[in-house]
Amino acid sequence: MKLRTSRGLVAIALGTALVLSGCASGDGGSASPSATESAAANDTGVPTEADIAALDSVVVTGTDGDATLAFDKGLTVSTTTSKVVTEGDGDEVAEGDLVTMQYIVYQGSSAELLGSTWTDDAAESFTVGDASYELLNDALIGQKVGAQVLVAFPSQEDDQTTDTRVNLIQIVSTKDVPDRAEGEAVTPAEGLPVVTLDDTGKPSIDIPEGYADPTELVVQTLIKGSGPEVTADQTVTTQYTGWTLDGESFDSSWENGAPATFPLSGVIEGWTTGLTGQTVGSQVLLVVPAALAYGAEASETNPLAGKTLVFVVDILDAS
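Under mature numbering (1 follows the signal peptide of the UniProt record, and there is no 0), the letters of the sequence shown match residues -26 to -1, 1 to 293, in that order.
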């Protein structure tokens, strides 16, 4: 389940692919004559000699937003393969850090440029360890701010064929963020869903018997953080769990292994409205009517449409 209602950021899920929402064509040039070999499916997760040779064939020209990649059309890899192009000299990336990166992405089959976060002014941030970004976790852990890393991986296309994405990623910054809300406890209003935290801060929910669907968004601060107020145009890093009114959890960053980062302009309206004005460090209970979530009408394609949703959100960072 994705909280976003639209693409919002240039890339949505690196666990699937670094797929850019706005595609531009580029001049993917030619590299060495033996640039690539066709790669069969690789279930081991370990790059083959052919994978390594394919990535070695990629020529990087320029730096930062002026960088371009050149390689022969038809480049393929059988599994995620990475290579450090330029070493960084800043802080080292560690698991649990909030990393911000810029990147360009090319299509392996055509050697064409698909897009650039530099061009779109849309730097991407994620928490290292987030399962949604599993393709990048190993490639970036231990690198330093400023490093440029080539990452190529197989990607399933819309027509169910498989192509390869070739990406040049530059680490812009890394930041240590807490993994749970920290602040002053707030006594909630009576009659609301009851939130209980375990020793790690992971929430569970108890929906009162007979609790009626609210007609308006319910926003209840449970922990008041001491950080700055969140604005609607910011990107937030959160721990969260979502439930339907029958108490069934449908999504949780706690289960995904790391906090998740979202632009507030690209999530459901209940999140945008409910988190704007809250302070960093806070924990917030949201009861979101269907109209402010995935639509008031039920849908065969989205099982959450037509349903009131309950969220507990820890706001860990905003930028």
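We put the beta carbon where it would ideally sit given N, CA and C, even for glycine.
Sequence-distant partners of alanine 105 (beyond 5 residues in either direction) whose C-beta falls short of 8 Å from its own C-beta, in its chain, are Gly(-12), Asn230, Gly231, Ala232. For the pair tryptophan 92 and threonine 235, the Cα-to-Cα distance works out to about 19 Å.
DSSP, read as helix, strand or coil, puts leucine 88 in strand.
For glutamate 108, no beta strand (DSSP E) segment is defined; the enclosing uninterrupted segment is the alpha helix (DSSP H) at 108 to 114.
Contact between alanine 265 and serine 273 is ruled out by a C-beta separation of about 13 Å, above the 8 Å threshold.
Aspartate 104 sits in coil when the DSSP states are folded into three classes, being neither helix nor strand. For the pair of segments examined, the region 201 to 209 was found not to touch the region 168 to 182: the number of CB pairs separated by less than 8 Å stays below three. Bounds of any beta strand (DSSP E) do not take in threonine 282, whose DSSP letter is neither H nor E. If you draw a 10 Å sphere on the C-beta of threonine 136, you find fewer than 16 other C-beta atoms in it, and that means exposed. Fewer than three beta-carbon pairs drawn from the region 156 to 164 and the region 99 to 117 are found closer than 8 Å, and the two stretches are therefore not classed as touching. For serine 31, no alpha helix (DSSP H) segment is defined, and its DSSP state is neither H nor E.
Its chain contains Val119, Thr148 as the residues whose beta carbon lies nearer than 6 Å to that of aspartate 65, once the 5 sequence neighbours on both sides are disregarded; these appear in chain order. In this structure, the beta-carbon distance from proline 202 to threonine 253 falls below 8 Å.
Fully contained in the region 151 to 205 are the following beta strand (DSSP E) runs of length 3 or more, in chain order: 157 to 159, 168 to 171, 177 to 180, 192 to 199.
Sorting Gly251, Ala68, Thr246, Gly89 by C-alpha distance to the C-alpha of phenylalanine 285 places Thr246 at the top. Comparing C-alpha distances from tryptophan 228 to each of Pro21, Leu191, Thr101 shows the shortest one belongs to Thr101.
Of the residues Asp46, Thr53, Ser256, the one whose Cα lies closest to the Cα of threonine 18 is Thr53. In the three-state scheme derived from DSSP, where H, G and I count as helix and E and B as strand, threonine 53 is classed as coil. Taking all protein chains shown into account, serine 200 has fewer than 16 neighbouring C-beta atoms within 10 Å of its C-beta and is therefore exposed.
The three-state secondary structure of asparagine 276, taken from DSSP, is coil.
A residue is called buried when at least 16 other Cβ atoms come within 10 angstroms of its Cβ; asparagine 141 meets this threshold and is buried.
For alanine 85, the closest C-alpha among the options Lys47, Ile78, Val51, Tyr77 is that of Lys47.
Annotated as proximal: valine 58 and valine 123, with beta-carbon spacing under 8 Å. Taking C-beta atoms as the reference points, glycine 184 and glutamine 117 fail to come closer than 8 Å. For the pair asparagine 111 and leucine 249, the Cα-to-Cα distance works out to about 28 Å. In the DSSP assignment, glycine 216 falls within the beta strand (DSSP E) that extends over 209 to 218. Judged by DSSP secondary structure, threonine 253 falls outside any alpha helix (DSSP H); it is assigned neither H nor E.
In this model, alanine 44 and glycine 89 are separated by some 14 Å (Cα to Cα). Note on phenylalanine 224: under 16 other CB atoms within 10 angstroms of its CB, so exposed under the neighbour-count rule.
Rounded to the nearest angstrom, the Cβ distance from valine 258 to leucine 191 is 11 Å, too far for a contact under 8 Å. Collapsing the DSSP output to three states places aspartate 225 in a strand. In this structure, the straight-line span from the alpha carbon of aspartate 187 to that of glycine 244 is close to 14 Å. A distance below 6 Å between beta-carbons, with the five flanking residues on each side excluded, links alanine 27 to no residue of its chain. Comparing alpha-carbon positions, the option among Ser56, Val193, Thr138 lying closest to alanine 163 turns out to be Val193.
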